[in-house]
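> Residue numbers (the numbering used here): 35 to 251.
By construction, the Cβ of each residue, glycine as well, lies at the ideal position given by its N, Cα and C atoms.
Supplied in structure tokens, the structure appears directly below.
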Amino acid sequence: MRFDGIIFDFDGVLVESEYAGNLHLAETLTGLGHPTSVEQSLDAFVGLGGKDFLAAIERWVDGPVPSGFHALRRAEDERAMREGVGAVAGAVAFVRALPPALPKAIASSSSTEWIRAHLAHLGLADAFGDHVYSGREHVARGKPAPDLYLHAARAIGVDIAKTLVIEDSPVGVTGAVASGAYVIGLAAGRHCGPGHAERLRERGAHEVVTSFAEIRI
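Below is the structure:
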């Protein structure tokens with residue numbers, strides 16, 4: 035094997051939540067008086083979480099987060115956690131095919147509550163054990179800082195230089211490359227439109243693939 039450990043992003047890598055989430059986000063901002071297309075939302079917000087996400091919203095609307103925004107987003111998140119979101123094609127089989135002894139973790143900008151709810155929907159509740167890490171809960175600086183990947187690598191006991199990170203967003207690839215990991219950009223989700231793979235290459239991904247079938251560990 036080429037790697038001693040593997041770290042996955044979550045949204046857009048294991049679950050098809052990026053497109054669905056950004057469609058709702060675009061509709062929410064538009065309804066609050068800030069016309070936004072799903073393409074614009076995907077370009078501006080994918081990979082961000084916590085205060086970085088809210089700062090991006092403020093930049094987009096050129097002012098404070100609109101009144102009512104948080105309640106609408108919270109209601110949508112609760113619905114999605116109840117009902118689930120489909121897996122990215124090939125994701126579940128890829129995770130299940132990994133050697134059980136291979137250290138593995140999730141490093142995501144989403145909350146651990148969100149991640150664990152969707153892992154359960156995917157039938158992967160047991161796949162990562164305690165190694166589910168959130169940029170808003172486990173480190174002071176979320177993506178695109180490298181901190182979350184470094185935290186996850188330490189937690190699973192592997193050298194970041196011998197760790198594979200699978201990321202789907204330019205923000206995520208930027209942070210993963212900065213951490214010193216080997217980074218595969220995955221352009222397999224519905225949100226990955228024309229030019230997405232090239233954006234991942236521009237951010238420094240060592241490889242870019244369009245399916246899990248292309249990943250060799």
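By the 10 Å Cβ neighbour count, where 16 or more other Cβ atoms means buried, how is E50 classified, buried or exposed?
Buried, because 16 or more other Cβ atoms sit within 10 Å of the Cβ of E50.
> Could you check where the alpha helix (DSSP H) with G191 kicks off and where it finishes?
G191 -> no alpha helix (DSSP H), and no H or E assigned at all.
> Does the Cβ of K85 have 16 or more other Cβ atoms within 10 Å, making it buried, or fewer, making it exposed?
The residue is exposed, with fewer than 16 neighbouring Cβ atoms inside 10 Å.
> Using 8 Å as the cut-off, can you tell me whether the segment 54–64 makes contact with the segment 72–90, which would need three or more C-beta pairs spanning the two stretches below that distance?
At 8 Å Cβ cutoff, the stretches touch.
> With DSSP collapsed to three states, give me the class of G229.
Correct three-state label for G229: coil.
> Nearest by alpha-carbon distance to D96: which of A105, P69, I200 is it?
Of the candidates A105, P69, I200, the one whose C-alpha sits nearest the C-alpha of D96 is P69.
> Using 10 angstroms around the beta-carbon of R36, count the other beta-carbons present and answer buried if the total reaches 16, otherwise exposed.
When all chains shown are included, R36 counts as exposed.
> When burial is assigned at 16 or more other CB atoms within 10 Å of the CB, is L220 buried or exposed?
Buried, since its Cβ has 16 or more Cβ neighbours within 10 Å.
> Please work out which residues of its chain come closer than 6 Å, Cβ to Cβ, to G120, disregarding the five sequence neighbours upstream and downstream, and give them in chain order.
Result list for G120: E50, in chain order.
> Any heavy atom of the ligand MN inside 8 Å of the beta-carbon of R188?
What this structure holds is no ligand at all, so the ligand MN is not there to describe.
> For I140, which beta-bridge partners are listed by DSSP?
Looking at the DSSP assignment, I140 forms a beta bridge with F42, V166.
> Taking a contact to mean a Cβ-Cβ separation below 9 Å, would you say I149 touches V166 in this structure?
Going by C-beta atoms, I149 is nearer than 9 Å to V166.
> Answer with buried or exposed for D43, where buried requires no fewer than 16 other C-beta atoms within 10 angstroms of its C-beta.
Buried, by the Cβ-count rule.
> So for A105, helix, strand or coil by DSSP?
A105: helix per DSSP, three-state reduction.
> Who are the near neighbours of L252 in its chain, counting only those whose CB is closer than 6 Å to its CB and skipping five residues on each side?
Only positions 35 to 251 of the chain appear in the structure, and residue 252 is not among them; the question remains open.
> Between the Cα of F79 and the Cα atoms of D45, E232, A247, which residue gives the shortest distance?
Cα-wise, what sits closest to F79 is D45.
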